[in-house]
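Undergrad:
There are 2 protein chains.
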Amino acid sequence: MQNMTDGLIVWFTGLSSAGKTTLSNAIYEKLLLAGYRTEQLDGDIVRRHFSRGLGFSRDDRNENIRRIGFVAELLKRHGVIVLVSAISPYREARDEVRSRIGEGFIEVFVNAPLNICEGRDAKGLYKKARAALIHDVAGLDSPYEAPSRAEIECRTDTETVEQSTEKVLHYLKRRLSG
Amino acid sequence: MQNMTDGLIVWFTGLSSAGKTTLSNAIYEKLLLAGYRTEQLDGDIVRRHFSRGLGFSRDDRNENIRRIGFVAELLKRHGVIVLVSAISPYREARDEVRSRIGEGFIEVFVNAPLNICEGRDAKGLYKKARAALIHDVAGLDSPYEAPSRAEIECRTDTETVEQSTEKVLHYLKRRLSG
Chain Y
1 MQNMTDGLIV WFTGLSSAGK TTLSNAIYEK LLLAGYRTEQ LDGDIVRRHF
51 SRGLGFSRDD RNENIRRIGF VAELLKRHGV IVLVSAISPY REARDEVRSR
101 IGEGFIEVFV NAPLNICEGR DAKGLYKKAR AALIHDVAGL DSPYEAPSRA
151 EIECRTDTET VEQSTEKVLH YLKRRLSG
Chain L
179 MQNMTDGLIV WFTGLSSAGK TTLSNAIYEK LLLAGYRTEQ LDGDIVRRHF
229 SRGLGFSRDD RNENIRRIGF VAELLKRHGV IVLVSAISPY REARDEVRSR
279 IGEGFIEVFV NAPLNICEGR DAKGLYKKAR AALIHDVAGL DSPYEAPSRA
329 EIECRTDTET VEQSTEKVLH YLKRRLSG
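Protein chains in written order, with the working numbering: chain Y, 1 to 178; chain L, 179 to 356.
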């Protein structure tokens, strides 16, 4: 398994607090245990590291996604399974990465209704946005364009983390052995 | 050798036209042939991909170096020998990457006098700078701080490409087998 020549990019997209990072963490642990080279790229962390100066406009968000895609592609080329969790609200940017990567790109729509995400509000974003302290929160006062052709959809409002994890792993196993 | 768990970062620093990319290309070929996972990161290409908006001030150049370092570190973590060629004119930025990486960071000072580099002028930078069409060219109207503790120095004005390549490979072999 370590000798496979090419990796995969598993791209978790969804609203803030939809459960992208939770799912990515669970899958990361499983893949590590199974002996795969794996890396997690978190949209917020990547932004801090190399998108200083980018804001939350459509262009800037898409530029951030392009940069994450660039790094993910480099890692994938060296056999790494890259788990990206980033809101990535615009379809055009996700599809741009998809067409650059080709077959190795797997889009996972981490889907929960806005009211559920807002109830969780892991980062306090929605609260701040409701208080008008911040703007451009995807799904609230900024668009979130749901995927139209995601390889996998996880309904985190009705599935448990274990169920969603199994669903993704099942798909990955097919792809990795195929 | 493919199973080594950790890679290396070989960081070529020097003036424009000092021969960084030439040397990186030659070493890349040799490492590939020897079966190593290898990747080249070129400062100009990386800048185009994820430093849009950064200029050539001290801060912006250092930020670009930090970003290259971030990507190189990710690749190194997965067993890749990363060959970075970037002018990287400021010691503080190179040393910041060095201290983050630790032992796996190898600085190669690609050294030729300015007049030799200007004579080569592979990218036409010096010509444009002399004509005042561009500014902030390292070594000319912007500083280049030579390394004080590079692991390897290649004098590309007096050594052949083969000699410089051998020098670096010799060092790498010791590190990779040690």
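Backbone N, C-alpha and C fix where the C-beta goes; we use that ideal spot for every residue, glycine too.
Since residue 41 of chain Y and residue 10 of chain Y are thought to touch, with beta carbons under 8 angstroms apart, how far apart are those beta carbons, to the nearest angstrom?
TA: Their Cβ separation, rounded to whole angstroms, is 10 angstroms, which puts residue 41 of chain Y and residue 10 of chain Y out of contact at 8 angstroms.
Undergrad: Chain Y partners of residue 248 of chain L, CB-CB under 9 angstroms?
TA: Chain Y residues near residue 248 of chain L: 46, 49, 50, 71.
Undergrad: Please report how far the alpha carbon of residue 83 of chain Y lies from the alpha carbon of residue 13 of chain Y, in whole angstroms.
TA: Rounded to whole angstroms, residue 83 of chain Y to residue 13 of chain Y spans 11 angstroms at the Cα level.
Undergrad: What would DSSP say about residue 283 of chain L, mapped onto helix, strand or coil?
TA: In this structure, residue 283 of chain L counts as strand in the three-state DSSP scheme.
Undergrad: Taking the straight line between their C-alpha atoms, what separation do you get for residue 276 of chain L and residue 130 of chain Y?
TA: Rounded to the nearest angstrom, the two C-alpha atoms are 44 angstroms apart.
Undergrad: For residue 125 of chain Y, which residues in the same chain have their Cβ closer than 6 angstroms to its Cβ, ignoring the five residues on either side in sequence?
TA: Answer for residue 125 of chain Y: 16, 137, listed in chain order.
Undergrad: Between the C-alpha atoms of residue 298 of chain L and residue 340 of chain L, what's the straight-line distance to the nearest angstrom?
TA: One C-alpha to the other measures close to 18 angstroms.
Undergrad: Please check if any C-beta of chain A sits within less than 8 angstroms of the C-beta of residue 215 of chain L.
TA: Any reference to chain A falls outside this structure, whose protein chains are Y and L.
Undergrad: With C-beta atoms as the reference, is residue 38 of chain Y less than 8 angstroms away from residue 81 of chain Y?
TA: Going by C-beta atoms, residue 38 of chain Y is nearer than 8 angstroms to residue 81 of chain Y.
Undergrad: Roughly how many angstroms separate the alpha carbons of residue 95 of chain Y and residue 105 of chain Y, rounded to a whole number?
TA: Roughly 10 angstroms separates the two Cα atoms.
Undergrad: Would you mind stating whether residue 208 of chain L and residue 338 of chain L have Cβ atoms separated by less than 8 angstroms?
TA: Their beta carbons are not under 8 angstroms apart, which means residue 208 of chain L does not touch residue 338 of chain L by this criterion.
Undergrad: Between the alpha carbons of residue 196 of chain L and residue 319 of chain L, how many angstroms are there, rounded?
TA: Taking the straight line from one Cα to the other gives about 17 angstroms.
Undergrad: Per DSSP, what kind of secondary structure is residue 59 of chain Y in: helix, strand or coil?
TA: Note: residue 59 of chain Y maps to helix in three-state DSSP.
Undergrad: For residue 296 of chain L, which residues in the same chain have their Cβ closer than 6 angstroms to its Cβ, ignoring the five residues on either side in sequence?
TA: Closer than 6 angstroms at Cβ, skipping near neighbours: 304.
Undergrad: Please identify the residue among L:336, L:335, L:331 whose C-alpha is closest to the C-alpha of residue 348 of chain L.
TA: The shortest Cα separation from residue 348 of chain L among L:336, L:335, L:331 belongs to L:331.
Undergrad: Using only the alpha-carbon positions, how far apart do residue 238 of chain L and residue 232 of chain L sit?
TA: Answer to the nearest angstrom: the Cα atoms are 5 angstroms apart.
Undergrad: Taking all protein chains shown into account, do 16 or more other C-beta atoms lie within 10 angstroms of the C-beta of residue 270 of chain L, making it buried, or fewer, making it exposed?
TA: Exposed: under 16 other Cβ atoms inside 10 Å.
Undergrad: Taking only runs of the beta strand (DSSP E) that begin and end inside the segment 285-350 of chain L, which ones reach a length of at least 3 residues, in chain order?
TA: Counting whole runs of 3 or more residues, the segment 285-350 of chain L contains the beta strand (DSSP E) stretches 330-333.
Undergrad: In the segment 77-93 of chain Y, which residues sit with their C-beta less than 7 angstroms from some C-beta in chain L, listed in chain order?
TA: Under the 7 angstroms Cβ criterion, the segment 77-93 of chain Y contributes 78, 80.
Undergrad: Just grab the DSSP bridge partners of residue 13 of chain Y for me.
TA: DSSP, once it has assigned bridges, lists Y:109 as partnering residue 13 of chain Y.
Undergrad: Would you kindly check if the distance between the Cβ of residue 327 of chain L and the Cβ of residue 290 of chain L is under 8 angstroms?
TA: Cβ distance not < 8 angstroms, so residue 290 of chain L and residue 327 of chain L don't count as in contact.
Undergrad: Evaluate residue 115 of chain Y with the Cβ neighbour count: other Cβ atoms within 10 Å of its Cβ, from every protein chain shown; 16 or more gives buried, anything less gives exposed.
TA: Exposed: under 16 other Cβ atoms inside 10 Å.
Undergrad: For chain Y, find out if any of its Cβ atoms is closer than 8 angstroms to the Cβ of residue 245 of chain L; answer yes or no.
TA: Cβ-Cβ to chain Y under 8 angstroms: yes for residue 245 of chain L.
Undergrad: Helix, strand or coil for residue 265 of chain L? Go by DSSP, reduced to three states.
TA: Here residue 265 of chain L sits in coil by DSSP.
Undergrad: Report yes or no: is there a C-beta of chain Y within less than 8 angstroms of the C-beta of residue 182 of chain L?
TA: Residue confidence for residue 182 of chain L is low, a pLDDT of 46 falling below 50, so the modelled location carries little weight; the figure read from the coordinates is stated next. No, residue 182 of chain L does not count as interfacial toward chain Y.
Undergrad: Distance cutoff 8 angstroms, beta carbons only. Does residue 103 of chain Y sit that close to anything in chain L?
TA: It does not: the Cβ of residue 103 of chain Y has no partner Cβ on chain L nearer than 8 angstroms.
Undergrad: For residue 23 of chain Y, name the three-state secondary structure that DSSP assigns.
TA: In the structure shown, residue 23 of chain Y sits in a helix (DSSP, three-state: H, G or I).
Undergrad: For residue 181 of chain Y, would you say it is in contact with chain L, using Cβ-to-Cβ distances shorter than 8 angstroms as the test?
TA: Chain Y is shown from 1 up to 178; residue 181 of chain Y falls before or after that span and cannot be answered.
Undergrad: Go through its chain and collect everything with a Cβ distance to residue 56 of chain Y's Cβ below 6 angstroms, but skip five positions before and after it.
TA: Answer for residue 56 of chain Y: 136, listed in chain order.
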